[in-house]
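Report on the following structure.
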Amino acid sequence: MNIKQKKIRIFYLSLFFIILYVPVLSVVLYSFNDSSSTAYWAGFTLDWYRQLFNDRVIFESFKVSIEVALLTSVLSAIIGTASAIISVYVTKKTEKAMNGLMFLPLIVPEVALGISLLIFFSELKLPFGIFTLVISHSLFCVPYVHIMVVLRLKEINISIIEAAKDLGATRWQIIKTILLPLVMPSTLTASLLALAMSLDDVIISTYMAGPTTTTLPVHIFSMMRVGVTPKVNALCTLFLAGTFLLIGLNQIAGTKGGNIIEFEQKQIR
Amino acid sequence: MNEQLLSIININKYFGKSHILKDVTLDIKDGEFITLLGPSGCGKTTILRCIAGLESIDSGDILLYGESIKDLAPNKRNVNTVFQNYALFPHLNVYDNIAYGPRIKKSMGEGEIKKSVAEMLELVQMQGYEKRMTHQLSGGQRQRIAIARALINKPDILLLDEPLGALDLKLRKYMQTELAHLQKQAETTFIYVTHDQEEALNMSDRIVVMNEGVVQQVGTPGDIYNNSKNLFVAGFIGDRNIKEVKVLQKKGDFCSVKLGNSVIYIKPDRSLVDHDKCSEMETAVLAVHMDKMKISHEEVPNSLYGQITFVHYAGSQIKTEVDVDGELLTVIEYQNDYGSYSIGDKVYVSCEETGALLLPKEDTTGRGQDE
Amino acid sequence: MNKIKQNLPAFPILGYLLLLVGIPLLLVVILSFLSRDSLGNIIFEFTPDNYRKMLDPVYLRVFLNSFSLALFTGVITLLVGYPVAYFTAGLDNKRRSLVILLIMMPFWISSLLRTYGWIILLGKEGLINNILMFFKIIDQPLNMMYKFGTVLTGTAYMLVPFMIISIYNSVDKLDRSLLEASYDLGGGKWKTFFNITLPLTIPGIARGFTLVFIPALGLYYISDLLGGGNTMFLGNLINNMATRGRNRPLASAFAVVMILLVILVLFIYGRVTKSSKESLYQ
């Protein structure tokens, strides 16, 4: 590849990434603007952040989001890992049925899924709140856990399982002493992914929220519909920081099981 | 010490349409080191896995101490396997790997386990490695831990599936001696699988030669090497010249055969080959070990006359190719004994009296005889 | 029977999924054939009315909007994303990992944030207008919000990483020796691209298009924030009807149609890539 082509490449990629990140950066930028409009730059300030910390409603919804995310993460990890291990032992037909049902929530548009759950839960006269949020969030998190654990399971050399059998282990003992320890890194990585996806969810959470329990994204969404306020910018910036913290955590913790970036690449493949 | 331990009776195994094991019958004696030898795909590993219970058999039976084990799951058989890639548990250290069997079967308390693990490590000469993780070990070390992990369970039989395949030549040779010693020390029956005939000849009390799912011959290394029962074994074991000859005359113990245009007398072993099957004036197959032949520049009685076409010096051996009336014979001799050869030399090739085997031409996959 | 025993462990999972996925969807389908009275209560009488109502030109316009949004999003992300994928595949390993990381990073950034950023940029007092006015390129702020194009920009922006990664995987798997053979036989850069690279990356393009098209039908918060009330899309319609409109049966009908559309797209995808062994989620 000659110099001219290299230059074109660099130019195009750079342009692309600039366009990709400018919207995000401008949100961050204006969160420090000492003015409530974006018409001009009035100076650097942390006022909006201060306002955030005093806002009770935001704080409440933040608590709800965290609680839901943590519970979803744990529930999805358990169900997803269990289903992955089970899928190894059952017949092909059952495996296909499991996969089909499990991935359905990802294929169906969130709006449709949202109102289907809305109808379902209201017919059951269940109170909307943490419970409905966690259940519905787990529906789109479990497939990811499942896939990641299945990928890891496939990497395990079959002779290790045979060796365990040879040495006297029953099927349950093999799961407990060999499979679970070996897939644990993948389960952890996937739970972090579930955590992130649950925190970010807007559409399903809108339907599943209760009268007093809304998640942070839903609240942010309603704030955004009203208009642009730097408070929202500040909130978003904090959200961003939290996201990077999660990625950082994952990078540190996920060296054995492969981190989420690698997984996403594998997954899209 | 030499009673019958394991009986394999007429087992057949199919993988889909492939008939992998054809009516295989074998008896394994208590305390022996027996090797299943054969080319890739001959079924030797399959037999091993059937004994371990990792594969099922389609017909026949397997008896351990007279009791059928063919329907027992692998974790219920008192038989352990050393896998080709060692299959050590990557998430456990050396100590926990070795302790896995007793712990999972709850056959020993922790105190007893500690003692046994120490004993095993001493047996395989890896004391001090308890805390190491398996990925920190070399190939040879992993293999020894795999053996320790299997032997700690005091199995009736230890099955070894080409355990030395991944090691380099020098280490392989060293481990061959080590394994043979280990077997005697552990006083356990070893069933060993390999495709390397030298390995089998070095280590085993008895060898089972197999090809295409059929047992070709069972015997001691000496038997297999010198007295091959059929063409396959003759060609597989040792380096032999295998040539078609015409049987001219039979006179008592001797036979005159014609190779190309030359005639020599040989004395094939009567007790092994059905001498009378090789009738006069018919074609048979002559199999002679390359290192049981001699080349001489001077005429020698009962020899074949030919011309040297190729000379190859390989360490302590000289490998010479001689063209005898269009037939190429290879002769292996040892350097110190003889002078130099040049291409084009006209020489005489003779073979030791008892080094030749005469086999009927049709006999390519005959059945071997048990001792 | 052995098979039942073997599949027993799967039953709890299957039950859980049937209960939480199968039944709700079934309810939606059932509801779509019912109607409601003026108080908002459900009348349990089978009627295909809801589906008939969809033929109303107002609603047809909504379908058209959503469909064209998804289509244009696909086309734009394809045109923008293909070069990105192509160039990335040609980078050396270190730089390539970095670039891929940068492409994937947006997945981790809140989707609301990413959409909100465009409000900041495109608003009357937004960054772009500020800069343009500052440099005296225009003297009146441009009206860029609440248009079809705004929603399109936001949606394409949100989904372009999917397209890029799909194409990238396809390009990455290309056998370089095929390209070299083409050059060797006299083909120039462009000819090689159109005759070899492009056809061989069609699976990636198809997959990318599908991964972009389907979400584009349903990301209603983008059309909500960037489109205002002017242009109505399918997602907004369903949302409005189900909540404010209090017409769950009608909303369900639209939801069913939306799901059918998705299934249709997946079916087409399956047909187009019949020869290729790739699957959407593996």
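Chains as they are written, first to last, in our numbering: chain A, -5 to 263; chain B, 724 to 1094; chain C, 14 to 295.
Note that beta-carbon positions come from the ideal geometry of N, C-alpha and C, so glycine has one too.
Exposed unless 16 or more other CB atoms sit within 10 angstroms - verdict on residue i
i          : result
Trp131(C)  : buried
Tyr234(C)  : buried
Asn934(B)  : buried
Lys0(A)    : exposed
Lys170(A)  : exposed
Arg867(B)  : buried
Pro175(A)  : exposed
Arg50(A)   : exposed
Ile1066(B) : exposed
Tyr809(B)  : buried
Whole-angstrom distance between residue j and residue i, CA atom to CA atom
i          : j          : result
Asp900(B)  : His858(B)  : Before going on, a small fix: residue 900(B) reads as Thr here, not Asp. Distance between the alpha carbons of Thr900(B) and His858(B): 25 angstroms.
Asn182(C)  : Pro212(C)  : 14 angstroms
Leu924(B)  : Val840(B)  : 32 angstroms
Ile1031(B) : Pro944(B)  : 33 angstroms
Lys974(B)  : Ile1055(B) : 29 angstroms
Asp1068(B) : His1020(B) : 8 angstroms
Thr758(B)  : Pro886(B)  : 12 angstroms
Cys1074(B) : Thr769(B)  : 39 angstroms
Tyr852(B)  : Ile870(B)  : 14 angstroms
Ser985(B)  : Lys1015(B) : 19 angstroms
Val1045(B) : Thr1053(B) : 6 angstroms
Own chain residues within Cβ distance below 7 angstroms of residue i, not counting five before or after
i         : result
Arg855(B) : Asn816, Val817
Gly863(B) : Leu890, Leu894, Met898
Val173(C) : Thr90, Val93, Gly94
Lys250(A) : In this prediction, Lys250(A) has a pLDDT of 44, which is less than 50 and means its spatial position is unreliable; nothing more can be read from the coordinates.
Asp62(C)  : Ser48
Val212(A) : Val196, Ser199, Thr200, Ala203
Phe756(B) : Ala903, Gln906, Phe913, Tyr915, Met926, Ser927, Asp928
The alpha helix (DSSP H) enclosing residue i, as first and last residue numbers
i         : result
Cys765(B) : Per DSSP, Cys765(B) belongs to no alpha helix (DSSP H) and is neither H nor E.
Glu156(A) : 152 to 160
Glu845(B) : 833 to 846
Ile122(C) : Counting along the chain, Ile122(C) falls outside any alpha helix (DSSP H), and DSSP gives it neither H nor E.
Gly217(C) : 215 to 231
Close Cβ partners of residue i (< 6 angstroms) along its chain, the five nearest in sequence each way excluded
i          : result
Ser130(A)  : Leu111, Ile198, Met202
Gly108(A)  : Ile197, Ile198, Tyr201
Tyr988(B)  : Phe977, Ser979, Asn1025
Ala169(C)  : Thr86, Ile89, Thr90
Val1034(B) : Thr1043, Tyr1064
Tyr915(B)  : Thr758, Leu883
Leu189(A)  : Ala63, Ser67
Phe115(A)  : Thr126
Leu995(B)  : With a pLDDT of 44 at Leu995(B), under the threshold of 50, the modelled position of this residue cannot be trusted; read the value that follows with caution. Cβ within range, chain order: Asn950.
Lys745(B)  : Gly936, Val937
Partner residues on chain F for residue i, Cβ-Cβ distance less than 7 angstroms
i         : result
Ser153(A) : Among the chains of the structure shown, chain F does not appear; the protein chains present are A, B and C.
Reduced DSSP secondary structure (H/G/I, E/B, other) of residue i
i          : result
Ile987(B)  : strand
Met171(C)  : helix
Gln245(A)  : helix
Asp28(A)   : coil
Thr101(C)  : helix
Met926(B)  : helix
Ser951(B)  : coil
Phe85(C)   : helix
Val805(B)  : strand
Tyr919(B)  : It is Asp, not Tyr, that sits at residue 919(B) in the sequence shown. Three-state result, Asp919(B): coil.
His1012(B) : strand
Gln1030(B) : strand
Ala63(A)   : helix
Same chain, Cβ closer than 8 angstroms to residue i, five either side skipped, listed in chain order
i          : result
Ala219(C)  : Tyr282, Val285, Thr286
Glu1005(B) : Lys969, Val970, Lys1084
Ser261(C)  : For clarity, residue 261(C) is Arg in the given sequence; the question names Ser instead. Counting only Cβ-Cβ distances below 8 angstroms, and skipping sequence neighbours, we find Leu44, Arg49, Ile55, Met254, Ala255.
Met146(C)  : Asp152, Pro154
Unbroken beta strand (DSSP E) run spanning residue i, endpoints
i          : result
Ala1079(B) : 1079 to 1083
His858(B)  : That residue, His858(B), is in no beta strand (DSSP E); it is neither H nor E in DSSP.
Arg963(B)  : 963 to 974
Ile880(B)  : 880 to 884
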